[in-house]
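Worksheet: the structure to be examined is printed underneath.
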Amino acid sequence: MSTPTEIREKPSFLSTGILILGALYCLFPVIWVVAAASKSSDELFSTFTFAPSIHLWDNIVELTAYRDGVFWRWMLNTALYAGVGALLSTWVSALSGYVLAKYDFPGKNGVFKVLLMGVLVPGVILAIPQYLMLAQLGLTNTYWSVLLPQIISPYGIYLARIYAAASVPGDVIEAARTEGAKDMYIFNRIALPMMLPGLVTIFLFQFVAIWNNFMLPYIMLGDDKLFPLTVGLNGLLNQGATAPALYTLVLAGALLSIVPLVIMFLFLQRYWRVDLAAGAVKA
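Take the sequence shown: its position 137, counted from the start at 1, is 137 in the UniProt record's numbering, and no numbers get skipped.
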C-alpha cells in the first residue's frame, strides 16, 4: 500500500504533458528563428519552414557589413540601456523596498498602495507623458531619455520590500545603530549583502524587460545611432518590404540578440536558485 507521501510524489502524466506542450510552444519561435537565420534570401520563402541551411555565417557577415556595422552599435546601445538601467533600477528598488520594510513613517501604507497600483499600469501608457516631460528638459533623443524612465520599477520595489522584510533581521539593524552606524552605511554594508540573492532576481527581470523594450526608445529616439536592437531591427524589417534581402539580416540579428539573454540567464542561474530556495524557507 502506498503512503500518502508516495502518492503525492508520483508524477502526473497529464501535468507533465501540459508542461512539455508549454515548453514546445515557447521553443517553437526560437527554433524557427535559428532555422530561418541559416537560410539565404532565396531559400527563406521557398523551403520548408523548419529546415535549416548553411548560410548563417554568411548572413552574420553581411549583417556586420551593413552600414559599417551599425548592428553592433545597436547591440552596444542595448547592453548599455539594459546593463546600466537594470543596475540602477535594482539599487533604487533595494533601497525603496528596504525603507518600506524596515522604517515607520507617516503615509507608509498609502505609499505602498500607490506602489501596488503602479504595478498594474502598463509601461506603454506612461511613454507619452514621459516623452513630454523629457522634451521639456531637452533630454529626448539622448541616452538619458531611455535610461531615466526605467530606473523606477514598481514591481522591483514590491519584490525588494518582501525580500527585505524576510532577509534583514531588525536586531541586526538595531545593533548596527547602537554601534553608531549611519542609515546609508547600514543599508549598503549590511542590508544589501543580505538581500543580494533576491536582488539578482530583480536585476534579471529588469535586464530582460529593458533589453526587449521597444515602445519607449521608439518614441524617445530619432537618431538611429542611439537605437537599441528592438528599434533598429524593426527599421530593417520595414525596409524589407522594398528590399527582401534585408529579411535575412533581420533574422540573423534577431538570433544574435537572444544570445546575451541566454548567457545572462546561465550566469545568474545559480544565484536565482539560491534566491528561490531561500524565499521558500523564509516563507
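C-beta: ideal position from N, C-alpha, C; glycine also. Please read all numbers here as calculations on a predicted model, not as lab measurements.
Taking a cut-off of 8 Å for Cβ pairs, the region 81-90 and the region 140-155 touch, as three or more such pairs fall below it.
Put simply, the backbone Cα of P217 is about 25 Å away from that of Y158.
The three-state secondary structure of E174, taken from DSSP, is helix. In the assembly as shown, F203 is a buried residue. Its beta-carbon has 16 or more other beta-carbons within 10 Å. The DSSP-derived three-state label of Y185 is helix.
When the beta-carbon positions are compared, L256 and Y66 stay at least 7 Å from each other. Taking the C-beta atoms as reference points, V119 is found no nearer than 7 Å to Y143. With contact defined as three or more Cβ pairs closer than 8 Å, the region 119-138 and the region 161-175 are not in contact. Annotated as distal: G253 and Y247, with beta-carbon spacing of 7 Å or more. Two segments are said to touch when three or more pairs of C-beta atoms, one from each, lie closer than 8 Å; by this definition the region 56-65 does not touch the region 103-120.
Following the DSSP letters along the chain, one finds A65 inside the alpha helix (DSSP H) bounded by residues 56-65. Between the region 92-112 and the region 185-199, the count of Cβ pairs shorter than 8 Å is three or higher; the stretches touch. Contact annotation, T47 with K39: C-beta distance approximately 7 Å; criterion of less than 8 Å satisfied. Taking C-beta separations shorter than 6 Å and ignoring five residues to either side along the sequence, the partners of L199 in its chain run T90, A94, following chain order. Cβ neighbours of L63 within its own chain (closer than 7 Å, five residues either side excluded): F71, L249, A252, G253.
Between the C-alpha atoms of N188 and A181 there is a straight-line separation of about 11 Å. For N109, the number of other beta carbons within 10 angstroms of its own is below 16, and it is reported as exposed.
In this chain, the alpha helix (DSSP H) harbouring N234 covers 229-239. Between the beta-carbon of M215 and that of Y131 there is about 10 Å, and that puts the pair past the 8 Å contact cut. Between A135 and P129, the alpha-carbon positions lie close to 10 Å from each other. Comparing C-alpha distances from S153 to each of D183, A245, P244, F205 shows the shortest one belongs to F205. Only residues of its own chain outside the window of five on either side were considered, and among them S38, K39, E43 have a CB closer than 6 Å to the CB of S53, listed in chain order. If you ignore the 5 residues before and after L139, its C-beta comes within less than 8 Å of the C-beta of S145, L148, all in its own chain and listed in chain order.
The Cβ atoms of V208 and A191 do not sit closer than 7 Å to each other. In this structure, the alpha-carbon of F227 lies about 45 Å from that of L14. W32 is positioned such that its CB atom lies no closer than 7 Å to that of L229. Taking the Cα positions, G222 is about 23 Å away from A86.
According to the DSSP assignment, N77 belongs to the alpha helix (DSSP H) that extends over 70-102.
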